[in-house]
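Trainee: Same order as they appear, the protein sequences are chains F and W. Remember, the working numbering sits 10 above the position in the first sequence when you count from 1. Position 1, counted from 1, in the second sequence is what the working numbering calls -2; the numbers after and before it change by one each time, with no gaps. Built from N, CA and C at the ideal position, the CB exists for glycine as well. Could you have a look at this structure, given as structure tokens, before my questions?
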Amino acid sequence: MTMADTISSDLNSPDGPFWHRIQTAPIDCGAAQQWLSADIVGAAGATVLFTGQVRSEQGQVSALSLEHYPGMSEKVLAGLIREVAQRWPLLRALAWHRVGDMGAGDAIVVVGVAAAHRQAAFEACSCLMDRVKTEVPLWKKVSGPDGSDWVDARDADLAAARRWHDSGEADER
Amino acid sequence: MIRILFFASLRERLGEAEVTLAPAPELKTVADVRAALAARTDGRWAELLSVEQLLLAAVNETMAPPETAVQDGDVVAFFPPVTGG
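The structure is reproduced here in structure tokens:
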């Protein structure tokens, strides 16, 4: 498989501090961790990596399909990383999101950051993930024994993303 | 022309991924575009684009509230609340 097959469009390179991509190929979580840890100046004392996976609830979800708005999804993802990196002192940050068809246990998304200290890393990773869930134009459709249907947006996800707005400037460190 | 894209459940239920509208004096904003589509009497346009439906919009790949200005050559997208992650 060539790079063009695996990455639908924009890729801001592994050579920079930020790396986002939308991909149809399976996500390599090990590669994500390795890239975060490979901080060339050695200043990163902490990395946090979050992986979101396809969940199977009593065998109800046998397959999941993700649609996105090509062009806009990459742009929003890149913007979110930049915003989070302005709020917390990050050395590296990545967000890779898979689209297309996947099955139970597959990684849907990885979001990770490297920072000097763990608190900034935990908070930045959590904020980035909450905002990815509520701001990037991506939509899930699940298929089970009873057919397939689009997933509804959850109020809890919106509330989780909102708390990063509410806490505002006071949280800057 | 104004290009209009639809995504996810909205695209599926409309049976259309994309339509175009000729620019017109009454099409000044995202809300105007939505109202013009909802005025269509064929298919499920009136139901699926009515103001009752919770939909988001983007203009030229940037999230856009209903009052956002629209002009000739713009790409407007309508879609349901996002569910990635």
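May I have the straight-line CA-CA distance separating Met82(F) from His127(F), to the nearest angstrom?
Mentor: 32 Å
Trainee: Taking the alpha-carbon of Glu117(F) as reference, which of Ala103(F), Val51(F), Ala42(F) and Pro36(F) has the nearest alpha-carbon?
Mentor: The sequence given here places Ala at residue 117(F); Glu does not occur at that position. Looking from the CA of Ala117(F), the closest CA among Ala103(F), Val51(F), Ala42(F) and Pro36(F) belongs to Pro36(F).
Trainee: Counting only C-beta atoms, is Pro63(W) closer than 8 Å to chain F at any point?
Mentor: No, because no Cβ of chain F sits closer than 8 Å to the Cβ of Pro63(W).
Trainee: Helix, strand or coil for Phe132(F) per DSSP?
Mentor: helix
Trainee: If we define contact as Cβ-Cβ less than 8 Å, is Gly26(F) a contact residue for chain W?
Mentor: no
Trainee: Measuring only the C-alpha atoms, how far is Asp25(F) from Ala48(F)?
Mentor: 11 Å
Trainee: Look at the alpha carbon of Leu59(F) and the alpha carbon of Ile91(F), and state the distance between them as a whole number of angstroms.
Mentor: 14 Å
Trainee: Relative to the alpha-carbon of Glu49(W), which residue among Asn57(W), Ala35(W) and Ala61(W) has its alpha-carbon at the smallest distance?
Mentor: Ala35(W)
Trainee: Quick one, are the C-beta atoms of Trp106(F) and Arg31(F) less than 8 Å apart?
Mentor: yes
Trainee: Can you confirm whether the region 60 to 77 of chain W touches the region -1 to 14 of chain W when touching is taken to mean that 3 or more C-beta pairs between the two stretches lie within less than 8 Å?
Mentor: yes
Trainee: So Leu46(F) packs on Leu104(F), CB below 8 Å; how close in whole Å?
Mentor: 7 Å
Trainee: Are the CB atoms of Ala131(F) and Ala56(F) within a distance shorter than 8 Å?
Mentor: yes
Trainee: Check the Cβ of Val119(F) against every Cβ in chain W and list those closer than 9 Å, keeping chain order.
Mentor: Gly81 and Gly82
Trainee: List the residues of chain W whose Cβ lies closer than 7 Å to the Cβ of Glu67(F), in chain order.
Mentor: For Glu67(F), none of the residues of chain W pass the 7 Å Cβ criterion, the least Cβ distance being about 16 Å.
Trainee: Which complete alpha helix (DSSP H) runs does the region 21 to 65 of chain F hold, if anything under 4 residues is left out?
Mentor: 39 to 47
Trainee: Say whether chain W places a C-beta atom closer than 8 Å to the C-beta of Trp174(F).
Mentor: No, its Cβ sits nowhere closer than 8 Å to a Cβ of chain W.
Trainee: For the region 64 to 110 of chain F, which segments carrying the alpha helix (DSSP H) assignment without a break, of at least 4 residues, lie completely within its bounds, in sequence order?
Mentor: 82 to 97
Trainee: Whose Cβ in chain F lies nearer than 7 Å to the Cβ of Glu58(W)?
Mentor: Chain F residues near Glu58(W): Gly81, Met82 and Lys85.
Trainee: Please name the residue in Val27(W), Arg41(W) and Gly12(W) whose C-alpha comes closest to that of Thr59(W).
Mentor: Val27(W)
Trainee: When you compare each of Thr144(F), Val64(F), Ala163(F) and Val161(F) to Val86(F) by their alpha carbons, which one comes out closest?
Mentor: The option with the nearest alpha carbon to Val86(F) is Thr144(F).
Trainee: From what residue to what residue does the beta strand (DSSP E) around Val27(W) run?
Mentor: It is not in any beta strand (DSSP E) - Val27(W) instead sits in the alpha helix (DSSP H) that spans Val27 to Ala35.
Trainee: Check Ser47(W) in the structure and name its three-state DSSP category.
Mentor: coil
Trainee: For Leu138(F), name the three-state secondary structure that DSSP assigns.
Mentor: helix
Trainee: What does the alpha-carbon distance come out to for the pair Arg141(F) and Thr80(W)?
Mentor: 11 Å
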